[in-house]
Amino acid sequence: MRELILPWQELSVLVPLIGAIAVRCLRDSDRAYRWSVALCTLTLSFAVGEWIDFGLLHAFEAHDHWDFLKYVFHADIFVIDELNAPLLPLAALLYLMTVLSTLRTKMNRFSFASTLFSEAVLLATLSCRHPLVIIGLCAVAIIPPWLEIRGRGHCTRAFGIHMSLFVAMLFGGWLLLPDNLVGHPENNASPAVLAAGAMLTAAALLRSGIVPVHCWMTDLFDKATLGTALLFVSPMTGAYVVMRMVLPIAPLWALQSIAVVSLFTSVYAAGMALVQTDARRFFCYLFLSHSSLVLVGLELLTPIGLTGALCVWISVGLAMGGFGLTLRAVESRIGRFNLIQYRGLYEHTPTLAALFLMTGLASIGFPGTIGFIGTELLIEGAVGVFPLIGTAVVIAAALNSIAVLHAYFRIFTGTKYTVSISLTVRPSERIAVVALAALIIGGGLFPQPGVASRYHAALELLRHRDPAAAVQETMGHDVPESAKTTSHDELTDRELSENL
Amino acid sequence: MTPDEFYYAFGIGVVAAPAVLLAVFGLTSLVGLPLSERSMSKFTEASVVIGLISAVAILGMMLALDDRHVPLEIGNWVAIPQQHFHFHLKLVFDRLSVPFVILSFVLCGTIGAFASRYLHREPGFYRFFLCYAFFLLGMVISTLAGTIETLFLGWELVGLSSALLVAFFHDRLNPVRNGLRVWTVYRIADAAFLLAALSLHNLTGAGDFDGLMGTGAWPEGHATITESNALLVGLLLLVAAAGKSALIPFSGWLPRAMEGPTPSSAVFYGSLSVHLGAFLLLRVSPILEVSVVLSGIVVLVGMTSAVFGALTARVQTDIKSALAFASLTQVGIIVAEIGLGLRYIALIHIIGHACLRTLQLLRAPSLLHDYHSMENAIGSHLPHRKSLWERVLNVRIRHWFYRFALERGYLDAVLDEYIVRPFCATFRWCNRMEKKWTDFLSRGADEKP
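Residue numbers (my numbering), protein chains in the order written: chain A, 619 to 1118; chain B, 124 to 572.
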């Protein structure tokens, strides 16, 4: 396996981890804020460095230089590949934006130490390919929000039951999985593999909030701080678990069944978002609808669908992250609010209104934003596999767009909100706004590099799952018989690059 | 420079002018450095003039060189060649797009100049011109689109700017509610458009209008798809066009759109945006030719909308709504003309109607003032002569028609009653059940609710 020039992954996990301990010792919330911003910025720079370094290697996977974990455990625990390379900077960026846009009004309730710890765990999870370590990290990631809900005096039972079930099924599925599982997933149809696959799938769907096991998500948004809830769901760890643990073993029919369930969730959540009167629950359902669309694409197992899903994963992460941060900024100003009244905040914060609209439109794939091409690919992939049911993606997108504008009107229009203090956007918030806007618009105007990279990742993922089919797709469906029997080992990275 | 290079330079100029305008307004807004009213007016003026000159120059060259079809390849915005996925950016200058883009620049320029005075010192001046820039770019892209994806791109920009401008007067609830309603109809239309685009892609392997419509410059192209496929795709496109042009059953949004400021009502819903659906049908008119059933449905929808508009316009109590329904009447006739294959007549009708309606809407406020002056001068209402219908039809029938027209054909009521209300009721029930389930899991109330 190729090596990066620095131990980027270990550094990007270590910095927030040590930072969490240091920030925990600080008593002054202003200092904790400044330290957290600095640490998150450093973590982001390591994550970006890692992505660039990996891009320059032109390899499917690589690991850290001076890999300490490998030295200790004699195994590649942290691996960067086409799938997680952009997810790491995305996760680090979301944390930085969340911390950066935390106003003084929120500082007493929002734990910076816990946030840094969660960031370290998340980056470790996304860097990891070893199933048991992923399971362990997923379990650890549950602790900070659980503690926060308890600390705020709310009942943790709904969240606890769902998350315990998630970890139990993940672990149970992993235990049931035979060690010597090799070859094509369609050939691994023994009862043990099916049971393991079913448990792992159920766990991943639960973590992704697929209907009917999604109520923990609304409960989390109800009871935790918005920042914590946002950071727990927006990196889409459930989708990552699907890619790492379910995709390699599940047969095609099972994956496409998951796609149909996800499609239903997407439409259902979009409909639910339209009737919500609480802003947080509205966001939760809107996010759920979008994250389900990502799952739809991931399970289609066609290059177009998978490319679309990987693109939408990034765009939804950015757009919905920005959208959630805007809601959080509004909450910081007027407190927790409902969507029954018209708030009339436009005159106070036109910049936040613009960001709200921009991120909302980006999430639904509006032209000129980062989500546009990904959504087009996803729709094309879905309609290609399910000509009739696939149109539900279009329906979900339409409902989501109505929900976004509905919320925009409720928050920013109406009689001007009367207040004795200034509610204008703060400099730190403006930095976050401009950075997100640049990424959303930049990614929308110049989508080719991102799409090409995601297409390459999609092909590699398909190749790892089913080498012959990947070759067929790569060569445009016109494959000689000899190529169809090419084994995984015979198809080198170089050959694949040449095909591309 | 060769003629092709001239075409390319002017073609880029037509699109770049509004794109730069949008970039300037958008960026200055985002970084918190808004321009002055004067600067915005000047930028708008410059953008429209550059775009218009470029479009007229292309028209001049096409006439001089006897070119009827000038495609400008900008290239692939996104391409995955192995999967035959291309998002191809291509502009087409032909007998349909050139008159339409010139019309767009002329009317938008007029409205820009009018609005800079009409909205002087209004709190939403900046917002209006930002939406205006979106609209102008959207119109230009839609008009010149050489591929169905490019057309969709412009189509979406027009939709967003229209909905935001209907809700321009933020502090009043009715404009905001109407803005959301317009957006909802547009999104349904957009969904139909997207599905039509995907179907066309799957049927023909490309979204290029040249490929879709076979050989021959507009309007002589012949579609290369089967009758059944043409019917399917055509119906989806008809839904898209009906949403955008407020044809039946989506007509309810048109008078609601008049809640926006007069300049936007004039240029968007009175003249340009409302014709975009008809433009789409004109652009894909070779598909209509393939299926007689489809053509018949288009004629039927057009004529029904025209009759509905004519009836409803007569009972409106405000001038903008009356003009909106009068617009609908003409748009319905234009759609029927397209269904009958009268493409040039439809195009001329669009241009004439758009200019007339813009003038009428801009004149509307002062016209009312003039009427009042005249009535004050003669000391009574202006004389009213009975129409033919009043003399021929009995009172009961006339009252029935009056109520029908006053309620705008009950279209909104039907949509609300049979689609919106059941939809919301279902999801509200689901919401209640979910809350009960979560409460049950949380053992009832929290320690700290």
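In this text, a Cβ means the ideal position worked out from N, Cα and C, and glycines have one as well.
With DSSP as the reference, label residue i as helix, strand or coil.
i, result
"His-683/A", "coil"
"Leu-963/A", "coil"
"Leu-411/B", "helix"
"Phe-148/B", "helix"
"Thr-385/B", "helix"
"Phe-696/A", "strand"
"Asp-441/B", "coil"
"Ile-828/A", "coil"
"Asp-331/B", "strand"
"Ile-348/B", "coil"
"Ile-982/A", "coil"
"Ile-867/A", "coil"
"Ile-1039/A", "coil"
"Ile-1013/A", "helix"
"Ile-932/A", "helix"
"Ile-1007/A", "coil"
Report the rounded CA-to-CA distance for residue i versus residue j, giving the unit in angstroms.
i, j, result
"Gly-637/A", "Ala-731/A", "8 Å"
"Leu-824/A", "Gly-856/A", "8 Å"
"Val-390/B", "Ile-442/B", "16 Å"
"His-1095/A", "Leu-423/B", "Low confidence applies to His-1095/A: its pLDDT is 44, below 50, so where it sits in the model is not reliable enough to give any reading."
"Leu-818/A", "Tyr-960/A", "44 Å"
"Tyr-1035/A", "Leu-963/A", "6 Å"
"Leu-911/A", "Trp-560/B", "25 Å"
"Phe-216/B", "Leu-150/B", "30 Å"
"Ala-680/A", "Asp-699/A", "6 Å"
"Ala-380/B", "Ser-170/B", "26 Å"
"Leu-219/B", "Cys-929/A", "36 Å"
"Ile-623/A", "Val-697/A", "14 Å"
"Met-619/A", "Arg-1044/A", "46 Å"
"Arg-727/A", "Phe-955/A", "17 Å"
"Leu-212/B", "Val-137/B", "14 Å"
"His-1024/A", "Ser-663/A", "37 Å"
"Gly-940/A", "Val-717/A", "12 Å"
"Leu-1109/A", "Asp-682/A", "Residue confidence is low: Leu-1109/A scores 38 on pLDDT, short of 50, so the model does not pin down where it sits. Its coordinate-derived value is still stated next. Spanning the two alpha carbons is a distance of roughly 25 Å."
"Val-831/A", "Thr-347/B", "48 Å"
"Ala-786/A", "Thr-895/A", "34 Å"
"Leu-1080/A", "Cys-833/A", "32 Å"
"Met-890/A", "Leu-564/B", "20 Å"
"Ser-152/B", "Leu-936/A", "21 Å"
"Cys-553/B", "Thr-774/A", "23 Å"
Assuming residue i contacts residue j under a Cβ cut-off of 8 Å, what Cβ separation, rounded to an integer in Å, is found between them?
i, j, result
"Arg-899/A", "Lys-841/A", "With a Cβ gap of about 12 Å, Arg-899/A and Lys-841/A do not count as contacting."
"Leu-918/A", "Gly-983/A", "In fact, because the Cβ distance is near 17 Å, the residues do not count as touching under 8 Å."
"Val-641/A", "Leu-734/A", "6 Å"
"Gly-978/A", "Tyr-1026/A", "7 Å"
"Gly-989/A", "Ser-933/A", "4 Å"
"Ser-227/B", "Met-262/B", "5 Å"
"His-345/B", "Pro-409/B", "6 Å"
Residues in the same chain with beta-carbon distance under 8 Å from residue i, minus the five sequence neighbours each way, listed in chain order, please.
i, result
"Gly-419/B", "Gly-462"
"Pro-298/B", "Val-289, Ala-290, Phe-291, Phe-292, Glu-382 and Gly-383"
"Glu-570/B", "Because Glu-570/B carries a pLDDT of 48, less than 50, the predicted location of this residue cannot be relied on, and the following value inherits that uncertainty. For Glu-570/B, where only same-chain residues beyond five positions count, there are no Cβ hits under 8 Å."
Name the DSSP bridge partner or partners of residue i?
i, result
"Ala-202/B", "His-209/B"
"His-192/B", "Asp-217/B"
"Glu-621/A", "His-681/A"
"Ala-268/B", "Leu-214/B"
"Asn-956/A", "Asp-896/A"
"Cys-746/A", "Phe-696/A"
For residue i, which residues from the same chain have a beta carbon less than 7 Å from its beta carbon, with the 5 sequence-adjacent residues on both sides left out?
i, result
"Ile-1007/A", "Val-878 and Leu-881"
"Ala-813/A", "Leu-794"
"Ala-142/B", "Leu-260"
"Leu-317/B", "Phe-275"
Considering only residues of the same chain and omitting the five flanking positions on each side of residue i, which have a CB-CB separation below 6 Å?
i, result
"Phe-527/B", "none"
"Ala-759/A", "Val-739"
"Leu-705/A", "Leu-744"
"Tyr-241/B", "Pro-386"
Closer than 7 Å: is that where the CB of residue i sits relative to any heavy atom of the ligand NAP?
i, result
"Ile-271/B", "Among the ligands in the structure shown, none appear at all, so the ligand NAP cannot be discussed."
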